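Working notes for the structure below.
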Amino acid sequence: MPEAFDIAIIGSGPGGYVAAIRAAQLGMKTAVVEREHLGGICLNWGCIPTKALLRAAELLTLFHRADDFGLKAKDVGFDLPKLISRSRRVADRLSSGVDYLLKKHKVTVINGSARLKSKNSIAVNGKDGKPLAAVEARHIIVATGARARSLPGLEPDGKLVWTYKEAMVPDMLPKSLLVVGSGAIGIEFASFYNALSAKVTVVEILDRILPAEDEEVSALARKSFEKQGIKIHTGAKVDKLEKGNGSVRATIALKDGKKETQDFERIILAIGIVGNVENLGLEEQGVKIEKSHIVIDEWCRTTAPNVYAIGDVVGPPWLAHKASHEGVVCVEKIAGKNDVHPLNVLNVPGCTYSQPQVASIGLTEAAARSNGREIKVGRFPYRGNGKAIALGEPEGFIKTIFDAKTGEMLGAHMIGAEVTELIQGFAIAKTSEATEAELMETIFPHPTLSEMMHESVLDAYGQVIHI
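Positions 2 to 468 (the working numbering) are the ones given, in order, by the sequence shown.
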């Protein structure tokens with residue numbers, strides 16, 4: 002007989018496992034169906050292991066700059082297998098942690114592939130394709146995530162043409178590398194392999210790298226990456242790939258109409274993602290799907306009764322913390338809580354863990370102006386901050402955008418050391434609807450990088466102190 006639950010969740014990534022824990026906290030009998038690894042892509046093949054790799058690259062870069070700090074470091078190098086092994090250990094530790102948390106909250110975990118049989122039932126098959134379990138639930142949440150997108154002629158093969166997965170566990174260090182796509186994933190891998198002395202080229206079809214970021218941030222990021230030796234083509238695309246013995250010949254159509262042909266030992270595709278919606282029985286149950294993503298309303302409800310969806314499978318922003326927040330919102334709404342607020346995507350911060358780091362929240366300057374807003378813009382450079390200079394990190398800036406009439410903070414954009422940590426200060430400000438007045442009255446500790454956040458706000462209102 003099928004086991005009955007209040008909520009059954011398909012997928013245990015940052016959206017699924019967080020939703021499960023919150024449901025259990027609210028007293029609901031909860032099950033999670035997972036076909037691969039607890040923690041999903043983020044913990045096993047995304048957010049966490051990549052940050053372990055990028056930390057190694059950051060330390061290596063600092064070691065090469067030892068003389069700048071009056072230090073001596075001889076024979077600086079790296080052991081690629083050990084570097085990758087540490088990354089995998091970090092991922093395994095976090096995945097085990099999710100297992101512990103689900104057990105702690107008495108969430109039932111079923112390992113297998115799920116398929117909706119009705120609006121209240123799921124059939125689970127084992128890896129051999131044979132029936133494993135049947136689950137009944139009053140509510141079903143789909144949290145199946147997404148996977149790397151490919152294009153005709155640019156299909157990954159796992160050997161010469163990589164996705165993020167192969168790029169995290171390389172069997173060799175390529176001497177030459179082509180990264181197709183300059184969003185957060187592409188730029189992080191470009192930064193990582195460049196730090197390990199690979200000759201990196203980035204191709205972006207749009208007119209600037211990190212196209213989702215503010216234009217000033219994109220411009221400084223490009224300048225910094227090119228200074229580090231990364232070759233960047235914007236307004237360009239890869240026309241053709243010819244695979245050889247141990248290398249790939251790429252024909253790149255450049256912005257000026259010319260074409261450039263070059264051999265690369267490896268290629269990384271980072272051209273977006275597609276939702277994991279196949280073989281789930283979604284459309285048979287009336288779930289609407291558009292461009293590989295599930296359509297939902299503000300409470301994560303799909304077009305099928307009692308079926309919900311959260312995370313990457315419902316579309317952008319494709320971020321782990323957005324998925325987790327959606328999981329909590331979805332479950333609390335199901336539980337009938339009256340103080341639940343729908344997700345506001347303008348309050349979702351985004352981070353890129355390259356060298357230098359990039360972080361942002363809310364509207365860019367161009368978006369704010371296009372909305373017809375009268376705005377005030379403040380900026381503060383890293384070179385004007387004592388802590389940044391002491392750290393040997395004087396490159397970067399913080400930019401804030403305010404509604405000139407109301408003082409509402411519309412957006413914040415950062416590039417430089419540790420901005421992926423700093424951005425949360427502005428996330429709190431946006432969520433709590435703080436205005437420039439509260440931010441200007443806030444006392445920031447000295448000496449810290451966070452002082453630049455204060456100075457940027459002051460600059461927007463003509464009160465900046467240190468420039």
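Yeah, the Cβ is synthetic: ideal placement off N, Cα and C, and Gly gets one too.
Since the structure is predicted, the reported quantities are computational estimates derived from the model, not experimental observations.
Opposite A32 in the DSSP bridges: which residues? Residue 32 sits at position 31 when you count from the first residue of the sequence shown. A32 pairs with A9 and T109.
Following the continuous beta strand (DSSP E) through R209, name the residue where it begins and the one where it ends. Here the question's residue 209 lines up with position 208 in the sequence shown. Element bounds for R209: n/a, residue is neither H nor E.
Taking C-beta to C-beta, are T51 and E189 nearer than 8 angstroms? On the sequence shown, position 50 is the one that residue 51 refers to. On the sequence shown, position 188 is the one that residue 189 refers to. Yes. Within cutoff.
Below 8 angstroms on the Cβ atoms is my contact criterion, and I expect I274 with G182 to pass it. Report the Cβ-Cβ distance as a whole number of Å. Reading the sequence shown from its first residue, position 273 is the one you call residue 274. Reading the sequence shown from its first residue, position 181 is the one you call residue 182. The pair is not a contact, with the Cβ atoms about 11 angstroms apart (cut-off 8 angstroms).
Let me know if E167 comes out buried or exposed under the rule of 16 or more other beta-carbons within 10 Å of its beta-carbon. Position 166 of the sequence shown, counted from the first residue, corresponds to residue 167. With 16 or more other Cβ atoms within 10 Å, it is buried.
So what does T262 bridge to, in DSSP terms? As a working note, residue 262 is residue 261 in the sequence shown. DSSP output for T262 lists T252 as bridge partner(s).
Three-state secondary structure (DSSP) at E216? Reading the sequence shown from its first residue, position 215 is the one you call residue 216. Helix, per DSSP.
Look at the alpha carbon of T449 and the alpha carbon of P3, and state the distance between them as a whole number of angstroms. On the sequence shown, position 448 is the one that residue 449 refers to. On the sequence shown, position 2 is the one that residue 3 refers to. So the alpha carbons of these two residues sit roughly 57 angstroms apart.
Distance, Cα to Cα, A74 vs N280? For the purposes of this step, residue 74 is taken as residue 73 along the sequence shown, with counting starting at 1. For the purposes of this step, residue 280 is taken as residue 279 along the sequence shown, with counting starting at 1. C-alpha separation (whole angstroms): 54 angstroms.
Below 8 angstroms, how does it come out for the stretch 19–34 and the stretch 319–334: are there three or more Cβ pairs, yes or no? Taking a cut-off of 8 angstroms on C-beta distances, the stretch 19–34 touches the stretch 319–334, as three or more cross pairs fall below it.
Contiguous alpha helix (DSSP H) assignments of at least 4 residues, all confined to the stretch 87–132: none
Please go through the stretch 386–412 and give each complete alpha helix (DSSP H) segment of 4 or more residues, from N-terminal end onward. 387–392
From what residue to what residue does the alpha helix (DSSP H) around A237 run? Within the sequence shown, residue 237 is the residue found at index 236, counting from 1. Taken as a continuous stretch (DSSP letters only), A237 belongs to no alpha helix (DSSP H), as it is neither H nor E.
Please report the Cβ distance between I408 and I362, rounded to the nearest whole angstrom; I am assuming they are in contact, meaning their Cβ atoms lie under 8 angstroms. The residue given as residue 408 occupies position 407 in the sequence shown. The residue given as residue 362 occupies position 361 in the sequence shown. The question names Ile, yet the displayed sequence has Gly at residue 408. Contact flag wrong, Cβ pair sits at about 17 angstroms.
Using only the heavy atoms of the ligand HEM, determine whether one of them is closer than 7 angstroms to the beta carbon of V330. As presented, the structure is devoid of all ligands, the ligand HEM included, so that no description of it is given.
Proximal residues to G316 (C-beta, below 6 angstroms), its chain only, five neighbours per side dropped: The sequence position of residue 316 within the sequence shown is 315, counting from 1. Excluding residues within five positions, the ones whose Cβ falls inside 6 angstroms are H294.
Closer than 8 angstroms is the cut-off here; do at least three beta carbon pairs connect the stretch 199–214 with the stretch 231–239? Touching, yes.
Suppose contacts are defined by Cβ-Cβ distances below 8 angstroms. Is G417 in contact with E434 by that definition? Taking the sequence shown and counting its residues from 1, the one referred to as residue 417 is at position 416. Taking the sequence shown and counting its residues from 1, the one referred to as residue 434 is at position 433. Not in contact: G417 and E434 (Cβ atoms no closer than 8 angstroms).
Write down the C-beta distance between G393 and D69 rounded to the nearest angstrom, noting that I regard them as a contact closer than 8 angstroms. Taking the first residue of the sequence shown as 1, we reach residue 393 at position 392. Taking the first residue of the sequence shown as 1, we reach residue 69 at position 68. About 6 angstroms separates the two Cβ atoms, so the contact holds.
Classify Y383: buried if its beta carbon has 16 or more other beta carbons within 10 angstroms, exposed otherwise. Within the sequence shown, numbered from 1, the residue matching residue 383 stands at position 382. Y383 comes out buried.
Does the Cβ of A391 have 16 or more other Cβ atoms within 10 Å, making it buried, or fewer, making it exposed? Counting from 1 along the sequence shown, the entry for residue 391 is found at position 390. A391 is exposed by the Cβ-count criterion.
Would you kindly report the start and end of the unbroken beta strand (DSSP E) that includes T421? In the sequence shown, residue 421 corresponds to position 420, counting from 1. No beta strand (DSSP E) holds T421; the alpha helix (DSSP H) holding it covers V420 to T432.
Beta-carbon within less than 8 angstroms of S219's beta-carbon, same chain only, minus the 5 sequence neighbours each way: which residues are those? Position 218 of the sequence shown, counted from the first residue, corresponds to residue 219. Apart from sequence neighbours up to five positions away, the residues of its chain that approach S219 with a beta-carbon distance below 8 angstroms are R209, I210, L211 and P212, ordered along the chain.
I need the boundaries of the alpha helix (DSSP H) containing T62, first residue and last residue. Taking the sequence shown and counting its residues from 1, the one referred to as residue 62 is at position 61. It spans C48 to H65 - the alpha helix (DSSP H) in which T62 sits, taken as one unbroken run.
Quick one: using the 10 Å Cβ neighbour count with 16 as the cut-off for buried, is Y101 buried or exposed? Along the sequence shown, read from residue 1 onward, the residue named residue 101 stands at position 100. Classification of Y101: exposed, given that the 10 Å Cβ count is below 16.
When DSSP labels each residue in this structure, what does E189 get in the three-state scheme? In the sequence shown, the residue the question calls residue 189 occupies position 188. Correct three-state label for E189: helix.
K228 in three-state terms, based on DSSP: To locate residue 228, count along the sequence shown from 1; it is residue 227. Helix, per DSSP.
From G426 to V296, what distance separates their C-alpha atoms? Within the sequence shown, residue 426 is the residue found at index 425, counting from 1. Within the sequence shown, residue 296 is the residue found at index 295, counting from 1. Taken atom to atom, the span from the alpha-carbon of G426 to that of V296 is near 32 angstroms.
What's the call for V420, buried or exposed, on a 16-neighbour Cβ count within 10 Å? Locating residue 420 in the sequence shown gives position 419, where the first residue counts as 1. So V420 ends up on the buried side.
Helix, strand or coil for G276? Go by DSSP, reduced to three states. Locating residue 276 in the sequence shown gives position 275, where the first residue counts as 1. If DSSP states are grouped into helix, strand and coil, G276 belongs with the strands.
State yes or no: is the beta carbon of T436 nearer than 8 angstroms to at least one beta carbon in chain C? Judged by its chain identifiers, the structure shown contains no chain C, having just a single protein chain.
Going by Cα to Cα distance, which pick from F381, N339, T401 and C352 is closest to L364? For this step, residue 364 is matched to residue 363 along the sequence shown. Restricting attention to F381, N339, T401 and C352, the CA atom closest to the CA of L364 is found in T401.
Compare the C-alpha of K176 against each of I253, D80 and R267 and name the closest. Walking along the sequence shown from the start, residue 176 turns up at place 175. Among I253, D80 and R267, the Cα nearest to that of K176 belongs to R267.
Locate the beta strand (DSSP E) running through A147, then write down its first and last residues. The sequence position of residue 147 within the sequence shown is 146, counting from 1. Where A147 is concerned, the enclosing beta strand (DSSP E) stretches over A147 to A149.
Using a 10 Å radius around the Cβ and a threshold of 16 neighbouring Cβ atoms, would you call E299 buried or exposed? By 1-based counting over the sequence shown, the position of residue 299 is 298. Classification of E299: exposed, given that the 10 Å Cβ count is below 16.
Under the rule that 16 or more other beta-carbon atoms within 10 Å means buried, what is G312, buried or exposed? What you label residue 312 is simply residue 311 of the sequence shown in a count that begins at 1. Under this definition G312 is a buried residue.
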